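This report refers to the structure that appears directly beneath it.
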Amino acid sequence: MTDVVSAAWLADRLGDVRLVDVRDAWEFDGIGHLPGAASIPFDEFRSADGDVGMLPGRDVWEELLSAAGISPDDDIVAYDDMHGVFAARFLVTALLYGHGPENLHLLDGDFSAWNQQYETTSEASDLPEATYDVTDPEESPLVDFETVEAALDDDEVVIVDTRDPDEFDEGHLPGAVNLDWRELVDDETRGLKPREELDAILDAAGLTPDRRIVLYCNTARRISHTYVVLSHLGYEHVEFYEGSLTEWEARDGRIVEE
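Position 224, counted from 1, in the sequence shown is what full-length UniProt numbering calls 224; the numbers after and before it change by one each time, with no gaps.
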């Protein structure tokens with residue numbers, strides 16, 4: 001199960017995990033980074049073939065992780081400086097390429113949570129040699145256009161739009177509920193809100209652990225954060241529409257406006 005971990009949790013395990021910093025390279029070098037972290041900027045693990053937000057390709061992923069000193073069995077902690085939304089996309093990508101969910105962790109509170117309590121460095125990280133081989137996951141949360149289209153008429157399914165309310169009002173999938181991914185984040189701590197608050201927010205939106213949930217946004221970035229949070233909370237029936245609204249509109253999927 002992909003989870004969210006605190007800076008204190010990470011500090012106790014710093015030498016036992018592989019750290020991935022998905023900020024821009026200039027931030028990694030100029031502002032500093034966590035000791036031992038590998039730099040894999042967000043744009044490097046997105047498709048370069050015009051499919052905005054889609055997976056980068058197996059060969060690209062293997063090269064990136066091998067260069068970062070990551071092996072298939074490693075525990076990975078990813079972080080960014082944007083409440084975890086970019087780092088979450090990295091973790092979901094790893095999951096979809098076969099990395100075990102129990103070995104994938106998001107740093108709660110992003111870079112700032114670590115920077116407030118622990119030392120950072122601008123020195124280059126000494127990364128181990130590694131060869132990363134992509135495998136097919138035992139189970140994949142990915143769903144395609146046809147699956148989502150069929151789910152529109154299924155009362156047992158909650159289709160969730162994780163964009164902001166203005167975007168939702170301009171057009172969304174029929175029957176979708178709006179849960180802006182930022183509703184789950186505390187702006188002050190930059191990390192997740194307390195469990196009781198999260199449960200209340202999710203319950204109000206109709207997202208309970210017993211329901212089948214289908215997530216979408218525009219380009220699969222924002223749903224990555226919501227997916228990781230729901231996984232962390234123990235939700236087991238969460239599906240990931242990677243094509244999201246970009247593909248949905250390109251294929252003339254039904255859209256409604258508020």
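All C-beta atoms in this analysis are idealised placements derived from N, C-alpha and C, irrespective of residue type, glycine included. As the structure is a computational prediction, the values presented were derived from the model and not from experiment.
Under 8 Å between C-beta atoms of residue i and residue j
i, j, result
"A38", "W114", "no"
"R190", "S112", "yes"
"Y216", "L173", "yes"
"G98", "P137", "yes"
"V214", "V160", "yes"
"L10", "L107", "yes"
"D75", "D29", "no"
"R195", "H237", "no"
"E62", "Y132", "yes"
"H105", "V77", "yes"
"P165", "E239", "no"
Distance between residue j and residue i (C-alpha atoms, nearest Å)
i, j, result
"S125", "Y79", "16 Å"
"R182", "S224", "12 Å"
"L96", "L127", "24 Å"
"R251", "Y241", "14 Å"
"R222", "V143", "16 Å"
"L198", "L207", "11 Å"
"L179", "V158", "11 Å"
"D187", "R58", "35 Å"
"F42", "D24", "7 Å"
"I40", "D203", "35 Å"
"D153", "Q116", "48 Å"
"E139", "E27", "35 Å"
"Y118", "L14", "11 Å"
"D12", "T226", "26 Å"
"H83", "K193", "11 Å"
"E156", "E167", "25 Å"
"V148", "P209", "19 Å"
"I201", "Y235", "14 Å"
Proximity test, Cβ basis, 8 Å: residue i and chain B
i, result
"E188", "Looking at the structure shown, chain B is missing, and only one protein chain is on hand."
Closest Cα partner of residue i within the set the options
i, options, result
"D21", "E188, I31 and R13", "I31"
"H33", "S122, D199 and R212", "S122"
"G109", "L95, A87, R163 and E119", "A87"
"I70", "Y241, A25, L19 and D29", "L19"
"E146", "R254, T2 and H237", "R254"
"G100", "E156, D155, T162 and T2", "T2"
"T246", "S231, N218, E102 and A94", "N218"
"G243", "L14, S47 and Y118", "S47"
"N103", "P165, S231 and H83", "S231"
"R163", "E129, A220 and A130", "A220"
"P35", "T120, E129, Y235 and E156", "T120"
"D73", "V148, L192, Y235 and A94", "A94"
"R89", "A68, V60 and M54", "M54"
"A130", "G175, D81 and A68", "A68"
Distance between beta carbons of residue j and residue i, contact taken as under 8 Å
i, j, result
"V4", "V92", "Not really, about 13 Å apart at Cβ, beyond 8 Å."
"A205", "V177", "5 Å"
"E257", "E170", "7 Å"
Identified DSSP bridge partners for residue i
i, result
"D3", "H105"
"L65", "None, per the DSSP bridge assignment."
"L142", "F240"
"Y216", "D161"
"N178", "D161"
"D21", "S39 and Y79"
"V256", "H172"
"T121", "H33"
"V185", "L192"
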